[in-house]
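Engineer: Residue numbering for the sequence shown follows the working numbering, beginning at 806 and increasing consecutively.
All C-beta atoms in this analysis are idealised placements derived from N, C-alpha and C, irrespective of residue type, glycine included.
The structure displayed is predicted, hence computed values, not measured ones.
I have a structure I would like to understand better, so I am pasting it below and will then ask my questions one at a time.
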Amino acid sequence: MRNVISTVMIQLRRVKLGSIGILAAAALFLGFFLFWDYSKFFASCPIEVRALKFHGGDPATNDGSCTCGTDGYCMCTPSLAIDAIIEVEFGGGEESRLMLVRRRDPPADVNAIVGGFVEVFESVETAVAREVKEETNLVLDTEKDCKLFGVYSDPKRDKRRHTVSIVYRCSVNKARTENVKGKDDARAVEFYPLSQWKSLKFGFDHRKIFQDYMGKYHPTLQ
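As structure tokens, then:
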């Protein structure tokens, strides 16, 4: 910063401005330097972040999650999310149903697996239970109800940012879904027979996830 000011002062003297002119020009420059809005170039991060060296990505492009640890090492990594494929058993010979949400946020009004981002200091299992409760009002015991299904990490799977999703398969009976309702960023909770999954309009890469899921657990309906 000191070198910048010295350089500016030298250049101002060369154009033979008076003392008052030099001070006025210097004040104008400093005001521009300190208060000009850089946000249009670095919309995703505070101005002071520009001076830090990040590994793995660039905070200015908002392509993932960027942070600096207590050791001073700054890193950009994919954002971590969870998804819970919830299969509802109706019993009595009825076909099981998929419990999906209709999204309120972009991409809006599409069918989606219940899910969301993992919070700091939260395990993925805790995130599954929290997100399902927040969006549908369904209470899950992840140890009993859910099993790990797969991990989806294609950098292009979410247009908003590079997001890695850990997908769980959860099973509950019909009685436990009596009080479900769309909450938070879910406009509604909807139930679809497994055999209808191909006709649904999915967001993100959820069609690919369901294709893999049906191939593993319900191959005759794939």
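In the DSSP assignment, what are the bridge partners of P998?
Structural biologist: Translated into the one-based positions of the sequence shown, residue 998 becomes position 193. Paired residue(s): R902.
Engineer: Within this structure, are the beta carbons of V923 and A934 separated by less than 8 Å?
Structural biologist: Residue numbering aside, residue 923 sits at position 118 when the sequence shown is read from its first letter. Residue numbering aside, residue 934 sits at position 129 when the sequence shown is read from its first letter. Taking 8 Å as the Cβ cut-off, V923 and A934 do not qualify as a contacting pair.
Engineer: If we ignore side chains and look at the alpha-carbon of each, how far apart do I971 and Y957 end up?
Structural biologist: For the purposes of this step, residue 971 is taken as the residue at position 166 of the sequence shown. For the purposes of this step, residue 957 is taken as the residue at position 152 of the sequence shown. Those two C-alpha atoms are separated by around 7 Å.
Engineer: Assign I890 to one of three DSSP states: helix, strand, or coil.
Structural biologist: On the sequence shown, position 85 is the one that residue 890 refers to. DSSP places I890 in strand when its eight states are reduced to three.
Engineer: Leaving aside the five residues before and after K988 along the sequence, list all residues of the same chain whose C-beta is less than 8 Å from its C-beta, in chain order.
Structural biologist: Locating residue 988 in the sequence shown gives position 183, where the first residue counts as 1. Answer for K988: E939, E940, T941, N942, listed in chain order.
Engineer: Residues in the same chain with beta-carbon distance under 8 Å from D950, minus the five sequence neighbours each way, listed in chain order, please.
Structural biologist: If you number the sequence shown from 1, residue 950 lands on position 145. If we look at D950 and ignore the five residues flanking it on each side, its Cβ neighbours are C975, S976, V977.
Engineer: Could you have a look at W841 and say whether DSSP puts it in helix, strand or coil?
Structural biologist: As a working note, residue 841 is residue 36 in the sequence shown. In this predicted model, W841 has a pLDDT of only 46, less than 50, meaning its place in the structure is not dependable; the value taken from the coordinates is given anyway. Three-state result, W841: coil.
Engineer: Between the C-alpha atoms of D888 and E983, what's the straight-line distance to the nearest angstrom?
Structural biologist: Counting from 1 along the sequence shown, the entry for residue 888 is found at position 83. Counting from 1 along the sequence shown, the entry for residue 983 is found at position 178. One C-alpha to the other measures close to 21 Å.
Engineer: Helix, strand or coil for T982, going by three-state DSSP, please let me know.
Structural biologist: Against the sequence shown, residue 982 aligns to sequence position 177. Helix at T982.
Engineer: Comparing alpha-carbon positions, which option in H967, F1015, A913, K952 lies nearest D990?
Structural biologist: In the sequence shown, residue 990 corresponds to position 185, counting from 1. With distances taken between Cα atoms, D990 lies closest to A913.
Engineer: Quick one: grab the DSSP three-state call for Y1022.
Structural biologist: The sequence position of residue 1022 within the sequence shown is 217, counting from 1. Helix, per DSSP.
Engineer: Need the endpoints of the alpha helix (DSSP H) that T872 sits in, please.
Structural biologist: Here residue 872 refers to the residue found at position 67 when the sequence shown is read from its first residue. Segment 870-873 is the beta strand (DSSP E) holding T872; no alpha helix (DSSP H) there.
Engineer: Assuming K952 is part of the beta strand (DSSP E), what are its boundary residues?
Structural biologist: In the sequence shown, residue 952 corresponds to position 147, counting from 1. Segment 951-957, the beta strand (DSSP E) holding K952.
Engineer: Pop quiz: G869 and C881 are said to be a contact at Cβ under 8 Å. What is the actual Cβ separation, rounded to whole angstroms?
Structural biologist: The residue given as residue 869 occupies position 64 in the sequence shown. The residue given as residue 881 occupies position 76 in the sequence shown. Right, the Cβ-Cβ distance comes to about 5 Å (below 8 Å), so this counts as a contact.
Engineer: With DSSP run on the structure shown, which of helix, strand or coil describes V923?
Structural biologist: For the purposes of this step, residue 923 is taken as residue 118 along the sequence shown, with counting starting at 1. DSSP places V923 in coil when its eight states are reduced to three.
Engineer: Could you tell me the boundaries of the beta strand (DSSP E) in which T866 lies?
Structural biologist: Your numbering for residue 866 matches position 61 in the sequence shown. Looking at the DSSP string, T866 is not in any beta strand (DSSP E), and its letter there is neither H nor E.
Engineer: Excluding the five sequence neighbours on either side, which residues of its own chain have a C-beta within less than 6 Å of the C-beta of C873, listed in chain order?
Structural biologist: Locating residue 873 in the sequence shown gives position 68, counting from the first residue. Excluding residues within five positions, the ones whose Cβ falls inside 6 Å are C879.
Engineer: Terminal residues of the continuous alpha helix (DSSP H) containing R935?
Structural biologist: Translated into the one-based positions of the sequence shown, residue 935 becomes position 130. Per DSSP, R935 belongs to the alpha helix (DSSP H) from 929-941.
Engineer: Look up R974 in the DSSP assignment and say whether it is helix, strand or coil.
Structural biologist: The count along the sequence shown starts at 1 and reaches residue 974 at position 169. Three-state result, R974: strand.
Engineer: Determine whether the beta carbon atoms of R992 and R908 lie at a separation below 8 Å.
Structural biologist: Here residue 992 refers to the residue found at position 187 when the sequence shown is read from its first residue. Here residue 908 refers to the residue found at position 103 when the sequence shown is read from its first residue. Result yes, Cβ atoms of R992 and R908 sit closer than 8 Å.
Engineer: What is the rounded straight-line gap between the Cα of A980 and the Cα of V944?
Structural biologist: On the sequence shown, residue 980 is found 175 positions in, with the first residue counted as 1. On the sequence shown, residue 944 is found 139 positions in, with the first residue counted as 1. Those two C-alpha atoms are separated by around 12 Å.
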